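Protein chains in written order, with the working numbering: chain A, 186 to 548; chain B, 714 to 1107. First up is the structure itself, then whatever we jot down about it.
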Amino acid sequence: MTLRLAIQGVGAVGAFGSGTQALRQALCAGEVPVGTLQVPTAGGALELPAYRADTEPLEEFVPTRALRRIDHFSRLALLGGYLALQDAGRLEADRSRLGVVIATGYGAMQTTFAFLDSFLDGGDVCSSPTHFSNSVHNAAAANLSILLGATGPSLTVSQFELSVPTALLTARQWLAEGRVDAVLLGGVDELGAVLGYCWQRFFGVPDGLLRPLEIGRQSAIPGEGAAFFLLTREGEGGRHGLIEEVRQGNLGGRPLSFAAGSRLLLGADGHRDCSTLYGGSLPVDARAVSFSPLYGSLPVGPAFDLAVAALAAGDNRLFTPPPQGANGLPCALLGAGPFGEGALNCLKLGRHGDYGLISVVRG
Amino acid sequence: MSSVVPVAVTGMGCLCAAGADLPSCLETLFRGERHPQPPTRFGSGHPVRYPVFEVAARLPGDDRFSRTARLALAAAREALAAAALSPAELAGKRVGVCFGTTVGSAMNNEEFYRQFRDGEHPEMDAIERFLGSNPASVVAREYGLAGPCQTVVNACSSGTDAVGIAAAWIRSGICDIVLAGGADELCRVTYNGFISLMITDDTPVKPFDRRRKGLNLGEGAAVLVLESEEVRHQRSRPARAFVAGYGSACDAHHLTAPHPEGTGLKRALAEALTQSGTSPAEIAFVNAHGTGTPDNDRVESRVLAAVLPGVPFLSTKGYTGHTLGAAGAIEAAFTVACLERGEVPANAGFAEADPELPVTPVREATAVSGRLALSQSLAFGGNNAVVVFERGEP
C-alpha cells in the first residue's frame, strides 16, 4: 500500500488545553500542569496525579442544548473533531463523503459504569436506556457523524495501545479505494474513578513527574483527551505534513528495522515494562524522544504523538524535548532543530511485542 | 469507487446456539430448529423471562480469557482447520486478524464494579481478564500471528465490517492471509440494556413478521479465512467463495434507530454492488439483518424492495438470536454456505405478512440460483455494512 495521507487539520484536547495553539505552547514550554483524579479506596479517598481535559470550548461549535445527553467521552471526540476541521479551514465543507474513524482503548467507561449504576441501584427493571445507548463503543463516532452530518463510513476500533495505528490502516484504505474524499480520524480516551482505582492497584501512586526514557522506572501518570486529524489523499497537499507509512505488527514475527540515523518519536509513557521494550528494540544510531510528559499515559497516546509530529512537520521544526529523565535508551536524544527532509517515526510498543509505526514527512 | 479484485475465502468456522461448528449450524437451520430459552448463565430481576440463544458447546481456552475470546478461539480453530492451515504454514506469512465485537471490548464486569462501589477493594482478576481478552489479540497470540490486528467495535455491524476491512488488507498487499470474523458473549449488561430500550421480544424472535416485538439476544462467533491469490495458488487450495465487494455508510441520523428511509443502507448497498461490479439482478439472495425489531425490519424491507426487488431474502437470527458484534460474521459464514448448497433455509419465526412491509422473506427452505449473494448489517450509531460474496470453485 503506497498511498500517502495528507494531514490537513489537527485538533487536540488534553491537559495542555485545546487546539493546536495550546499544544504548541505546551511544546514550547516543555510542561503542562498535572491535575488530579479522585479515587475512592478502602483506605479512604486518594488523589492520583492525572492529566485532565476540559471540554468547555466545545460550546464554540455545538449549542449547549444539543450536548444535554452527550457524555464526557463523546464531548472529547466532538471537540477534537471540530478543532481538526477548524484547523483545516473546512468547518463548512460538504461532509457527504467524509468518513469518521475513532480509536479508543477503553471506550466510554464512565457511561458504562453509569449504566451499571442504574440497575445496581434500582434493580434490573431500572436499567437506563440512555446510558446503555451511550455506552456502546461507537456512540462517540455516531454523535460526531450526526452533529456533522457525515454520511460516509464510520468506524470505531479498540486495540488498546495499538488502536491508533490500526485505525489509520483502515482510513488509508478508504481513501485509496475512493470510498471517501476525507477522513476525520481521532483517538479518544477518558479518565474515571474505576480506572484510577485500577491504576493504583497495578502501578501504585505516581510521584507526579513522568520520566519516559528512564528505563525500568515506573513513572507513568494517567491522562485523558482526544487528538483528531483531517486526512486526505496526498494530491491535496498537507498543511501538517504527510503520513508516509503505517505499520502494525508483532516484534516476534515481523521485527522492526530502521534506516541509519532514524528519528523516533516514542510512545514511551513512563510504564516500566514498556520502557524496557524500547530499550531493547532501538538501534544505537537512532535518535529518540517522547512527548508523553505533555499529555500523560493513555491507550491512544499515539494520536498525541502523531499530533506533535504533524505540528513539527507543518512548522518545519523539531520541538525541544520536555524533561525525559535519565536517558536509558541505547541511542541519543532527539533534540530541537529543523524538521528537514526524512521522516519522523512515531513508534508505539505494546504488550506482547505488538508495535505500531507511523512515519510523518513534510508535505 | 470502482470494482475491485475479489478475495478468496478458503476456510470458515462458526459456533452459536444453532451448533458447535458450521456444518451442524447448517443442519439446524435447514431442519428449521431453534431453541431459545431464558438465560441459564446469569440471573435476572426482570419479571418477564426474555429468551436468549446460548452456546452449549464446550469452549477452548480457560478462565484467563473472557467467554467472548474463547468463542473467537473456537471459531478460529475450525476455520483454520477447514482452510488446511497449520501453525507451520502460517509461520513466515503476513497474517492479520480483524474481529468484530461489542461485549468483548467493554470493561463492564458487574461483580468487580459492585465491589468497587461498595468500597470493598476488589481484586484485579476481572480487569486482568478484560485486558488479556481483546478478541483479535487473543487469536493472534494463540497462533503466533504477526500481522495487523484490529478489533472493530461498530456495534451490530462489527462482524460485517471486519470481513470487508480484512478483504481490503489482502487486496492492498499488507497481508497474505487474514482471519476475519466476530465474537460476542451473552451477558447481563447487554441483556438489561436491550430490555431497557424496549426492543426485546419475550417470545421467540419473529423477523419481518407482523407480530414482531423485538430481538432475542444470542452469542457466538464465526471466522472466515481470507487469502491472497498468490498464497492460495502456492497452497493449491480451492476458494469456497470470494469477497467480491463491501460497502459501508452512516445514517448520521440517530444513536439507536435507523434512518426511516434507510439512506445509509442504500448507500452501503450501492457501494458494495459497485465494488463487486454486480447488478441487483445478479444477486441470488440476501441474508438480511432482520433483528425482529419493528424499526429495523420496516426500514430494511423497504430498502430491499427498492434496491433489490424480487430478490429472495431471509434473516437467520431466528436460529441464532442477535449475536451483536458476531452477527455479521456468523451471517457471512451462513451466506457462503448457502451459496455452496444452492438453497437458503426458511426465515424462522415468520408466519404473517406485515402490510407495512413491502416484501416478505422466504417462508421455507428455498433453492436459489446464481453466483452472488449479500449479507448486510445495520447497527446502533447508524452504521450500515454490506458484503457481497461470490460462489467459489466447485
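C-beta atoms are modelled at their ideal positions from N, C-alpha and C, and glycine is treated no differently. On a predicted model such as this, the values are computed, not experimentally measured, just so you know.
Coil, strand or helix - residue i by DSSP
{"i": "Cys213 of chain A", "result": "helix"}
{"i": "Ile406 of chain A", "result": "coil"}
{"i": "Met186 of chain A", "result": "Note that Met186 of chain A scores a pLDDT of 48, beneath 50, so its modelled location is shaky; the value from the coordinates is reported in the next line. Reduced to three states, the DSSP call for Met186 of chain A is coil."}
{"i": "Pro1113 of chain B", "result": "Not covered by the structure: residue 1113 of chain B. The range shown for chain B is 714 to 1107."}
{"i": "Thr1036 of chain B", "result": "coil"}
{"i": "Leu395 of chain A", "result": "coil"}
{"i": "Phe1093 of chain B", "result": "helix"}
{"i": "Phe489 of chain A", "result": "helix"}
{"i": "Pro861 of chain B", "result": "coil"}
{"i": "Tyr382 of chain A", "result": "helix"}
{"i": "Phe1063 of chain B", "result": "coil"}
C-beta neighbour in chain A for residue i, strict 7 Å
{"i": "Gln828 of chain B", "result": "no"}
{"i": "Pro1007 of chain B", "result": "no"}
{"i": "Gly1095 of chain B", "result": "yes"}
{"i": "Gln1089 of chain B", "result": "no"}
{"i": "His1002 of chain B", "result": "no"}
{"i": "Asn822 of chain B", "result": "no"}
{"i": "Cys888 of chain B", "result": "no"}
{"i": "His834 of chain B", "result": "yes"}
{"i": "Ser818 of chain B", "result": "yes"}
{"i": "Cys1116 of chain B", "result": "Given that chain B is displayed from residue 714 to residue 1107, the structure contains no residue 1116 of chain B and the question cannot be resolved."}
{"i": "Met725 of chain B", "result": "no"}
{"i": "Ala962 of chain B", "result": "yes"}
Residue interval of the beta strand (DSSP E) (run including residue i)
{"i": "Arg1054 of chain B", "result": "Counting along the chain, Arg1054 of chain B falls outside any beta strand (DSSP E), though it belongs to the alpha helix (DSSP H) covering Ala1040 to Arg1054."}
{"i": "Ser339 of chain A", "result": "Ser339 to Val342"}
{"i": "Ile428 of chain A", "result": "Leu427 to Asn435"}
{"i": "Gly510 of chain A", "result": "Note, Gly510 of chain A: premise wrong, no beta strand (DSSP E); not H, not E."}
{"i": "Gln750 of chain B", "result": "That residue, Gln750 of chain B, is in no beta strand (DSSP E); it is neither H nor E in DSSP."}
{"i": "Asn328 of chain A", "result": "First-last for Asn328 of chain A: Ala324 to Leu333, but that is the alpha helix (DSSP H), not the beta strand (DSSP E)."}
7 Å Cβ cutoff, residue i in contact with chain B
{"i": "Pro484 of chain A", "result": "no"}
{"i": "Pro407 of chain A", "result": "no"}
{"i": "Phe246 of chain A", "result": "no"}
{"i": "Thr505 of chain A", "result": "no"}
{"i": "Phe414 of chain A", "result": "no"}
{"i": "Pro391 of chain A", "result": "no"}
{"i": "Gln557 of chain A", "result": "In the structure as shown, chain A begins at 186 and stops at 548. Residue 557 of chain A is therefore absent and cannot be evaluated."}
{"i": "Tyr286 of chain A", "result": "Per the sequence shown, residue 286 of chain A should be read as Val rather than Tyr. Answer no: the Cβ-Cβ gap between Val286 of chain A and chain B never drops below 7 Å."}
{"i": "His257 of chain A", "result": "no"}
{"i": "Arg547 of chain A", "result": "no"}
{"i": "Leu301 of chain A", "result": "yes"}
{"i": "Glu362 of chain A", "result": "yes"}
{"i": "Met186 of chain A", "result": "Low local confidence applies: a pLDDT of 48 at Met186 of chain A is under 50, so the model's placement there is unreliable, with the coordinate-based value given in what follows. Closer than 7 Å: yes."}
Continuous alpha helix (DSSP H) stretch holding residue i: start and end
{"i": "Gln295 of chain A", "result": "Met294 to Gly307"}
{"i": "Phe524 of chain A", "result": "Run containing Phe524 of chain A: none; DSSP gives neither H nor E here."}
{"i": "Glu1013 of chain B", "result": "Pro1007 to Val1020"}
{"i": "Gln947 of chain B", "result": "Glu942 to Arg948"}
{"i": "Thr355 of chain A", "result": "Ser348 to Ala361"}
{"i": "Ser989 of chain B", "result": "Thr976 to Ser989"}
{"i": "Leu369 of chain A", "result": "Note, Leu369 of chain A: premise wrong, no alpha helix (DSSP H); beta strand (DSSP E) at Ala367 to Asp374."}
{"i": "Glu823 of chain B", "result": "Glu823 to Arg830"}
For residue j and residue i, the rounded distance between their alpha carbons
{"i": "Val1100 of chain B", "j": "Gly274 of chain A", "result": "35 Å"}
{"i": "Gly1041 of chain B", "j": "Leu449 of chain A", "result": "39 Å"}
{"i": "Val546 of chain A", "j": "Val321 of chain A", "result": "36 Å"}
{"i": "Asn319 of chain A", "j": "Asp922 of chain B", "result": "29 Å"}
{"i": "Met186 of chain A", "j": "Tyr480 of chain A", "result": "With a pLDDT of 48 at Met186 of chain A, under the threshold of 50, the modelled position of that residue is not reliable, and no figure is offered here."}
{"i": "Asn328 of chain A", "j": "Ser259 of chain A", "result": "7 Å"}
{"i": "Ala405 of chain A", "j": "Phe476 of chain A", "result": "12 Å"}
{"i": "Cys729 of chain B", "j": "Ala934 of chain B", "result": "7 Å"}
{"i": "Glu346 of chain A", "j": "Gly756 of chain B", "result": "34 Å"}
{"i": "Thr723 of chain B", "j": "Gly455 of chain A", "result": "44 Å"}
{"i": "Gly958 of chain B", "j": "Ala1039 of chain B", "result": "20 Å"}
{"i": "Gly516 of chain A", "j": "Asp734 of chain B", "result": "Looking at the sequence itself, residue 516 of chain A is Cys, so the reference to Gly does not match. Between Cys516 of chain A and Asp734 of chain B, the C-alpha separation is close to 52 Å."}
{"i": "Ala191 of chain A", "j": "His425 of chain A", "result": "8 Å"}
Residues of the region 744-774 of chain B in Cβ contact with chain A at a cutoff of 7 Å, in chain order, please.
In summary, the residues of the region 744-774 of chain B whose CB is separated from some CB of chain A by less than 7 Å are Ser757, Gly758 and His759, in the order they occur in the chain.
Between the region 899-919 of chain B and chain A, which residues of the former have CB atoms less than 9 Å from a CB of the latter, in chain order?
Result list: Arg901, Val902, Thr903, Tyr904, Asn905, Gly906, Phe907, Ile908, Ser909, Leu910 and Met911.
Note down, in chain order, all residues in the region 932-956 of chain B with a beta-carbon under 9 Å from any beta-carbon belonging to chain A.
none
Short of 8 Å Cβ to Cβ, which residues in the region 839-859 of chain B face chain A?
Ile840, Leu844, Asn847, Ala849, Ser850, Ala853, Arg854, Gly857, Leu858 and Ala859
Taking Cβ-Cβ distances below 9 Å as the criterion, which residues of the region 965-982 of chain B are in contact with chain A?
Ala965, His966, His967, Leu968, Thr969, Thr976, Gly977, Arg980 and Ala981
Using Cβ-Cβ distances below 7 Å, what residues of the region 324-336 of chain A are close to chain B?
Ala324, Ala326, Ala327, Ser330, Ile331, Gly334, Ala335 and Thr336
Contact list for the region 859-882 of chain B against chain A, Cβ threshold 8 Å:
Ala859, Gly860, Pro861, Cys862, Gln863, Thr864, Val865, Val866, Asn867, Ala868, Asp874, Ile878, Ala881 and Trp882
Which residues, in chain order, does the region 337-357 of chain A contribute to contact with chain B at a C-beta distance below 9 Å?
Gly337, Pro338, Ser339, Leu340, Thr341, Val342, Ser343, Gln344, Phe345, Leu347, Ser348, Pro350, Thr351, Ala352, Leu354, Thr355 and Arg357
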